[in-house]
Structures are given as C-alpha cells and as structure tokens.
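Everything below concerns the one structure shown next.
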Amino acid sequence: MKKYDAIVVGAGIAGCSSAYFLKKKGLKVLVIDRSGVAASGGSAAAGAFVSPKIGQGSELQKLTNEAFEFSKNFYLQNFPKHFTQTGVIRIPKDAEDAKKFKEYEAYNEAKWELLSYDELDALGIDSSYESFLFSEAGVCDAPKMCESILEEIEYEQYELKSLIYEDGCWFVGDYCAQNLILATGYENNYFDMRYMGVKGTWGSRGDYETKVELDVSMHKQISVSANIDGIVKLGATHEKDVDVCIKCTGEPLKKLFSVASTMVDTSDFKLKETFCGMRSGSKDYFPLVGEVIDTTYMLENYPKIVKGAKAELQKIESLYICNGLGGRGFVFGPMMGKILADKIVDNKEIDKRVNPDRLFLKWCRKSPDLESYR
Ligand SMILES: Cc1cc2nc3c(=O)[nH]c(=O)nc-3n(C[C@H](O)[C@H](O)[C@H](O)COP(=O)(O)OP(=O)(O)OC[C@H]3O[C@@H](n4cnc5c(N)ncnc54)[C@H](O)[C@@H]3O)c2cc1C
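Below is the structure:
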C-alpha cells in the first residue's frame, strides 16, 4: 500500500492545478486518471483560449477576470512554452451588440484597447464594428500544458471504481491518502453531490491547417485562434442534453467553419483534427471548490432543512472537489487549484463565491428530488 498526503482523481486542468499547488506546499501527491493526462475529458477537447470576460460588471465577470490575471501570470511564469500570448479580440456580433460594447468598456479590468474597422482589416479580420483587443490574453496547448503542470508529480493511469475511508485514510486501489480530491469533470458516481447541480455541455472544435497570416486570436460567436505553427483552432459548439459521449464525427464543425469564414479568410483551411468533450458546469456557473457536504447525514439528522430550517453543515471528512469550471477551465483552473491547496494545507477559508456550500440549503428547499421529504 503506497501512502500519500493527497490523491487527486482526474488529470484535467482542475486536477493538475490542484495537484501542482498541493505539491508546492510540500504534500506528497498522486494524480490518477482512467485515460491519461488531459486525454479524454473536457481538457482534451479544449481550444484553451485564456481571455477575460466582458460585460457589465457581474460577480461572475469579476471572478473570471481575477482568474484570468492569475492564470495568465501562472502560465507565463511557469509554463510559457505552452501558452502563446496572441492577444484576443472580442468582436461584437451585430449592431445591437456593438452598442453594448460601449457600456462594457467601464468593466474591462484587463489591459485593453479599442480597434477600429481599419485596424481589424489590417489584421485580416472582417468586421464592421469597433472591437476590444485584450493583448495579454492567449491560447494554451491544453494537453501539453496539463502534462507540464504534472511533470514533477506522481501519476498513475487508474480508474476509480470504489472508495473506502478508514482510520483517517482514503483507500483507492493500492494507494491511500489522508486527503482525496475529486476533479472528475462532469461525472461523479461516488457521493450524493446533487446539490452542486453539475451538468455537462458537450462541445466540438477543430484544428485547421492553413498558411493564412493571422497573428491574433479572436472571438465573436465562436473563437478563432491566431495561426500557431500552421494551425488555426476553431471552436466551439455548445450542446446541452448530450449526456453520453457521442462519436466525434466533425459534422458539427460545418457551422463553426461557416461562421469563421465571415470573420477571416478560410479559403485554404483544411481540417486536420476534430476534438470533442464535455464541459462540466455548476448550477450558477461559478466553480465548485472545497469540501463536500454529507447529504445523507444532513437529510437524516436535520429533516427540517427541506422546509427552510438552518443547520450546521456536516462535511465528509478530508474529501474535496475541484470542478464546475464550465467553458473556462483554463482560465479558472490554476486559481481554483491554489484556493483548494490553501484550504487543505493552511486551512484558509474557501472564497465564498466558489464554495459549493452556497448551493446546499437552496437545493434542500427547492429541489424536486426531495419532494418526498417535504
Ligand atoms: C470543445 C471544448 C472547447 C473548450 N474551449 C475552452 C477554451 O477555449 N478555454 C477554456 O478555458 N476552456 C475551454 N473548454 C472548457 C474546458 O475544457 C473545461 O472547463 C475543463 O477542461 C474542465 O477541466 P476538468 O479538469 O474539470 O475536467 P476534465 O478535463 O473533464 O477532466 C476530468 C478527468 O477526470 C477523469 N475521470 C473521470 N472519472 C474518473 C474515474 N472514475 N477514475 C479516474 N479518472 C476519472 C477523466 O478521464 C478526465 O480526464 C472547452 C471545452 C470543450 C469541450
């Protein structure tokens, strides 16, 4: 039996980031994944654009922009080879959207500038509207980034099928650890975590070979990357209600391609590879980072919580989650990994905005799943 301080289940960007910061704080960490490092989950599919969020200053926008600063600096300082700071241009969808951009300006926290029609044209971008250029944004090579983050951390290909907690240790196959971190994306079959409301949104994207000169990435309805080593990434589709992994046929890319053709010259684009996978989002679109509530215990011992009574939340011992990164895993991942490591090692309070506790009592009161308890 090999002993660790922490076992992280899932080697996507959430698991890799959590493991990195736990190891940095001196813990002996093992990462396991059933298929490989960023090999099959959302992190294998991601175009991995890392850019700020625009809008009118919502709480989610503020958090996303904090995470953007954190991840950008994290990648530049530690893994610059796999983060290309191409800049990302945000282009209004239509005239209506262009009007909103005026209001958004006040909430652009990351370094930005306004690009005129002529400046966009000079960059090879077809748009009639002034656009924001976030020059510090960029694109990761998702699998290589995850592999590099894990470079000095023990990793085993292993599928978690069952779990036992005994004498202060989580037992996972031949391994055991004091702390267990679930970073399994949209799947969770081990504990009742319905209150977190994790849902999958399926997505596809493609890598295209091209000689077109494109120095900067952009986003309108879809994202188009700069040309990096002869490849432009187009992404991504968003399909709700796909709950089993369907085959990546490349079919959904036809629409992406036609939208991209209204933005840049795609005449020599040749599809090289198709990627698809599931994003894992929470009920309120904020990440889920922290301890896991023992739902069964709470319902049995405090049945009145389903009618709105408050009760102290009982947590499952030494079990943590890092999930719900939605469509921005490469923006949120590093900061969420740091928040989790600060909690596990230094017992620092989890940022309320990402603590899954925020969802529990509301779920108890409102969820149709608990009708029989009411
Ligand atoms: C098409 C597409 C495009 C995207 N583009 C971007 C983008 O441009 N920018 C951005 O920031 N984000 C993007 N995303 C979102 C991003 O990919 C996700 O937010 C991110 O990958 C989530 O990472 P994760 O580590 O939480 O989950 P995942 O990457 O899904 O990792 C979960 C891992 O857990 C493993 N696992 C599950 N169950 C078990 C088990 N029982 N035992 C062992 N291992 C298990 C899986 O094999 C998997 O590797 C995109 C997603 C898609 C699908």
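Take the sequence shown: its letter number 371 is residue 371 in my numbering, and every next letter is one higher. Positions of the beta carbon are idealized from the N, C-alpha and C atoms, including for glycine.
First through last residue of the beta strand (DSSP E) which encompasses residue i
{"i": "Thr274", "result": "Lys270 to Gly281"}
{"i": "Ala44", "result": "Note, Ala44: premise wrong, no beta strand (DSSP E); alpha helix (DSSP H) at Gly42 to Ala45."}
{"i": "Asp5", "result": "Lys2 to Val9"}
{"i": "Met218", "result": "Ser217 to His219"}
{"i": "Ile181", "result": "Tyr175 to Leu182"}
{"i": "Ile231", "result": "Ile231 to Gly235"}
Simplified DSSP assignment, three categories, for residue i
{"i": "Trp202", "result": "strand"}
{"i": "Ile89", "result": "strand"}
{"i": "Ile32", "result": "strand"}
{"i": "Tyr297", "result": "helix"}
{"i": "Cys248", "result": "coil"}
{"i": "Phe134", "result": "strand"}
{"i": "Gly197", "result": "coil"}
{"i": "Ile125", "result": "coil"}
{"i": "Phe286", "result": "coil"}
{"i": "Tyr165", "result": "strand"}
{"i": "Glu152", "result": "coil"}
{"i": "Val306", "result": "helix"}
{"i": "Leu120", "result": "helix"}
Reference residue i; option with closest CA among the options
{"i": "Lys240", "options": "Thr201, Arg353 and Val232", "result": "Thr201"}
{"i": "Ser116", "options": "Glu147, Ser131, Ala110 and Gly230", "result": "Ser131"}
{"i": "Gly277", "options": "Glu147, Gly206 and Trp112", "result": "Gly206"}
{"i": "Met1", "options": "Tyr175, Lys28 and Trp170", "result": "Tyr175"}
{"i": "Phe332", "options": "Gly41, Lys362 and Lys53", "result": "Lys53"}
{"i": "Asn108", "options": "Asp141, Asp118 and Ser51", "result": "Ser51"}
{"i": "Ser204", "options": "His238, Glu147, Met193 and Gly230", "result": "His238"}
{"i": "Val37", "options": "Thr184, Asp167 and Lys111", "result": "Thr184"}
{"i": "Val242", "options": "Glu152, Tyr186 and Ser127", "result": "Tyr186"}
Exposure of residue i, with buried meaning 16 or more beta-carbon neighbours within 10 Å
{"i": "Arg90", "result": "buried"}
{"i": "Gly138", "result": "buried"}
{"i": "His219", "result": "buried"}
{"i": "Tyr297", "result": "exposed"}
{"i": "Leu76", "result": "exposed"}
{"i": "Lys3", "result": "exposed"}
Min CB distance residue i to chain D below 9 Å
{"i": "Tyr302", "result": "No chain D is part of this structure, which consists of one protein chain only."}
Continuous alpha helix (DSSP H) stretch holding residue i: start and end
{"i": "Phe68", "result": "Glu59 to Asn78"}
{"i": "Trp112", "result": "Counting along the chain, Trp112 falls outside any alpha helix (DSSP H), and DSSP gives it neither H nor E."}
{"i": "Tyr104", "result": "Ala95 to Tyr104"}
{"i": "Tyr366", "result": "Looking at the sequence itself, residue 366 is Lys, so the reference to Tyr does not match. Where Lys366 is concerned, the enclosing alpha helix (DSSP H) stretches over Phe360 to Lys366."}
{"i": "Ser318", "result": "Note, Ser318: premise wrong, no alpha helix (DSSP H); beta strand (DSSP E) at Lys315 to Asn323."}
{"i": "Ala341", "result": "Gly329 to Asp346"}
{"i": "Lys23", "result": "Ile13 to Lys24"}
{"i": "Leu253", "result": "Leu253 to Ser261"}
Cβ pair residue i, residue j closer than 9 Å
{"i": "Met335", "j": "Ala67", "result": "yes"}
{"i": "Glu156", "j": "Ile13", "result": "no"}
{"i": "Thr266", "j": "Val212", "result": "yes"}
{"i": "Gly326", "j": "Arg374", "result": "no"}
{"i": "Leu340", "j": "Ile181", "result": "yes"}
{"i": "Gly230", "j": "Ser18", "result": "no"}
{"i": "Asp357", "j": "Leu313", "result": "yes"}
{"i": "Arg34", "j": "Tyr190", "result": "no"}
{"i": "Ala44", "j": "Phe330", "result": "no"}
{"i": "Asn355", "j": "Val289", "result": "yes"}
{"i": "Lys25", "j": "Asp284", "result": "no"}
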